[in-house]
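Have a look at the structure below, then the notes.
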Amino acid sequence: MDMLANLNLKHLHALVAVHDHGGISAAAPHINLSQPALTQAIARLERQLDTLLFDRQPGGMAPTEATELLVPRIQRALAYLSRGVRLARRAGRLPTLPSLERRLTLSQLRALTAVHSAGSYTLAAERAGLSQPAMHRAVRELESIIEVPLLQRRGKSLQPTAAASRLLRLVRLALSELTSGLDELSTMRDQQGGRLAIGVMPLARALLLPQALARFAQAWPGATVSVVEGPFAEVLADLRAGSLDLLVGAMRDLSAVPDVEQEGLFDDDPVIVGRAGHPVGGRGASRFDELLDYPWVIPATGAPVRARWEQMFRDQGHEPPSLGIECGSLVITRGLLLEGDWLTLMSRDQFVIERRAGLLDELGVAGPALRRRIGLTTRADWHPTRPQQAFVRIFREVCRQRGHDDAGAWPFRYPTAQQNDGAP
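Structure follows, in structure tokens:
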């Protein structure tokens, strides 16, 4: 069951107020609630969460461990909403109104994100198990509170307005923060549970992540892990919006994206790969220019591996050969290599299974200039839950233990341009 759907954002405000002011009577004036109403709000929240939030004592209310875990998450979520509302109103050239986010409801926020994802009220309502009028009403109420239009019809789909585009990412971050808070409570109760969403770039390491996931699943058998593979721009957008917790793969220049951080863990050297028995692989120190005689399959222009492949040829004094097939799918590429004398660039562990089976071989190294740094990318303000912290520790450990046992004996190293000078 989705516990977040049943919570009241005003009750979460109330929890923070009681925590910050030390009791019901001290908190009530700050959130415009009577003491009985505030008492009822906290009691209902405890029932919904099935967790004691305060120890009632003669001198006040002492927060429990559950409250100390939950309140920072709520505070960050409310800060996201406050910023999102401010930016949305600024897009509509409206002045800032203090504490406007306190009038929002979780149902309104979830309705906006659902309609944006689905592109229509009908599909959003179907996915959420709600009626279309209820979904429509929730979005209209949100627009009325913020005083700016949020959705506009373009063709057959609904698209966010400029104001909604500024609001949506921060709403998703707020919802993600609250979900993480509920996960913290679940983990505190049974030392299991929790969720982790990992984004993986198409050419990310194929061996280390499965090893880390296997170890994590053994250490946290009750946790749920979602692995999403996609182009870098898409997984980065999902990370920044809170849909993903971290990214695994080759590091990029993200100096223009100040809200993310990268941690390099090891260097990866792309290698030239072809089928076992490829003509290039059995002749020892062959000249690099012989690689021009064979067909290559490489991703389209714009992919990092395409730029590295072109650089590899230019570093050796050659223009890259023309490509008959451009393909970014590892599955299709590996299959194509088995069908003839095709060549490609890969990381060693991206074809380790085929190499062990005697199907594919490394035919040469691409050179140190093509080395890339592999690591983790996270939001700069990410506060991982305990299971998420555990996965990061495990992944770092797997990277430290990374050896070269799978490298084997590689038969062909093409000579450098300088070595080629004067060669027979």
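The letter at position 321 of the sequence shown is residue 320 when you use numbering that gives the first Met the number 0, and the numbering goes up by one with no holes.
Virtual Cβ for every residue (Gly too), placed ideally from N, Cα, C.
Reducing DSSP to helix, strand and coil, say where Met250 ends up. Coil, per DSSP.
Could you give the first and the last residue of the continuous beta strand (DSSP E) run that contains Ile331? Bounds of any beta strand (DSSP E) do not take in Ile331; it lies within the alpha helix (DSSP H) bounded by Leu329 to Leu336.
From Phe215, Leu212, Leu253 and Ser225, pick the residue whose C-alpha is nearest to that of Ala232; which is it? Ala232 has its Cα closest to that of Leu253, out of Phe215, Leu212, Leu253 and Ser225.
Which parts of the segment 57-116 are runs of the beta strand (DSSP E), unbroken and 3 residues or longer, counting only runs that do not cross its ends? Every beta strand (DSSP E) of 3 residues or more that sits fully in the segment 57-116 is shown, in chain order, as 59-62.
Under DSSP, the beta strand (DSSP E) around Leu362 begins and ends at which residues? Leu359 to Val364 is the span of the beta strand (DSSP E), which, as asked, contains Leu362.
Quick check on the DSSP output: the beta strand (DSSP E) that includes Ala302 runs from which residue to which? Premise fails: Ala302 is in no beta strand (DSSP E) and is neither H nor E.
Helix, strand or coil at Arg313 according to DSSP, with G and I counted as helix: In the three-state scheme derived from DSSP, where H, G and I count as helix and E and B as strand, Arg313 is classed as helix.
With H, G and I counted as helix, E and B as strand and the rest as coil, what does DSSP make of Gln158? Here Gln158 carries a strand assignment [DSSP, helix/strand/coil].
If contact is defined by three or more beta carbon pairs under 8 Å, each pair taking one atom from either stretch, is the segment 224-242 in contact with the segment 168-175? The answer is yes - the segment 224-242 touches the segment 168-175, with three or more Cβ pairs under 8 Å.
Straight-line gap, Pro148 to Arg168 (C-alpha atoms, nearest Å): The alpha-carbon atoms of Pro148 and Arg168 are separated by roughly 16 Å.
Nonlocal neighbours in the same chain, by C-beta distance under 7 Å from Glu353, ignoring five residues either side: Result list for Glu353: Arg333 and Leu359, in chain order.
Assign Asp348 to buried or exposed, taking buried as 16 or more other Cβ atoms, counted over all protein chains shown, within 10 Å of its Cβ. That one is buried.
Report buried or exposed for Pro298, applying the criterion of at least 16 other Cβ atoms within 10 angstroms of its Cβ. Around the CB of Pro298, 16 or more other CB atoms lie within 10 Å, so the residue is classed as buried.
Tell me the DSSP secondary structure of Glu146 in three-state form. It is coil, neither helix nor strand.
By alpha-carbon positions, which one of Ile30, Val17 and Val234 ends up nearest to Val70? When each option's Cα is compared against that of Val70, the closest is Val17.
If we count Cβ pairs, one from each stretch, closer than 8 Å, do we get three or more for the segment 184-198 versus the segment 126-143? Short answer: they don't touch.
For the ligand GTP, is there any heavy atom lying closer than 7 Å to the beta carbon of Phe350? The ligand GTP is not part of this structure, which contains no ligands at all.
Give the straight-line distance between the Cα atoms of Ala61 and Asp49, rounded to the nearest whole angstrom. In a straight line, the C-alpha of Ala61 is about 18 Å away from that of Asp49.
When the Cα atoms are used, what is the spatial distance from Glu260 to Glu228? Our two residues, Glu260 and Glu228, have alpha carbons roughly 20 Å apart in a direct line.
Taking Cβ to Cβ, would you say Glu176 is nearer than 8 Å to Ala40? Contact flag unset, no.
To the nearest angstrom, how far is it from the Cα of Met200 to the Cα of Val247? Between Met200 and Val247, the alpha-carbon positions lie close to 7 Å from each other.
Which whole-angstrom value is the C-beta distance of Thr186 and Arg385, which I expect to be below 8 Å? The C-beta distance from Thr186 to Arg385 rounds to 5 Å, short enough to meet the 8 Å contact threshold.
What are the boundary residues of the beta strand (DSSP E) that includes Arg43? Judged by DSSP secondary structure, Arg43 falls outside any beta strand (DSSP E) and instead within the alpha helix (DSSP H) spanning Gln34 to Leu48.
Where DSSP assigns a beta bridge to Gln131, which residues make up the other side? According to DSSP, residue pairing for Gln131 in a beta bridge does not occur.
Nearest-angstrom Cα distance between Val397 and Phe350? In this structure, the alpha-carbon of Val397 lies about 19 Å from that of Phe350.
Going by C-alpha to C-alpha distance, which of Gly263, Leu99, Ser164 and Leu290 sits closest to Gly273? Looking at the Cα atoms, Leu290 is the closest of the given residues.
Nearest CA to the CA of Thr66: which residue from Asp182, Gln210 and Arg286? Measuring from the Cα of Thr66, the nearest candidate turns out to be Asp182.
Residue range of the beta strand (DSSP E) that Ser225 falls in? That run of the beta strand (DSSP E) goes Thr223 to Glu228.
Short of 6 Å in beta carbon distance, which residues of its chain neighbour Ala26, apart from the five on each side in sequence? Order them along the chain. Excluding sequence neighbours, Ala26 sits near Ala16, Val17 and His20.
Can you give me the start and stop residues for the alpha helix (DSSP H) that Leu238 sits inside? Counting along the chain, Leu238 sits inside the alpha helix (DSSP H) bounded by residues Phe231 to Arg239.
Taking the alpha-carbon positions, what's the Gln34 to Arg88 distance? When rounded, the distance between both Cα atoms is 33 Å.
With 16 other Cβ atoms within 10 Å as the buried cut-off, status of Gly91: The C-beta of Gly91 has fewer than 16 other C-beta atoms within 10 Å across all chains shown, which makes the residue exposed.
Closest by C-alpha distance to Val234, when choosing among Thr377, Gln400, His12 and Thr38: Here the closest residue by C-alpha is Thr377.
Have a look at Gln400 and Val391 and give me their C-alpha separation to the nearest angstrom. Answer to the nearest angstrom: the Cα atoms are 14 Å apart.
Among Tyr293, Ala249 and Leu3, the one whose alpha carbon lies nearest that of Pro230: Answer by Cα proximity: Ala249.
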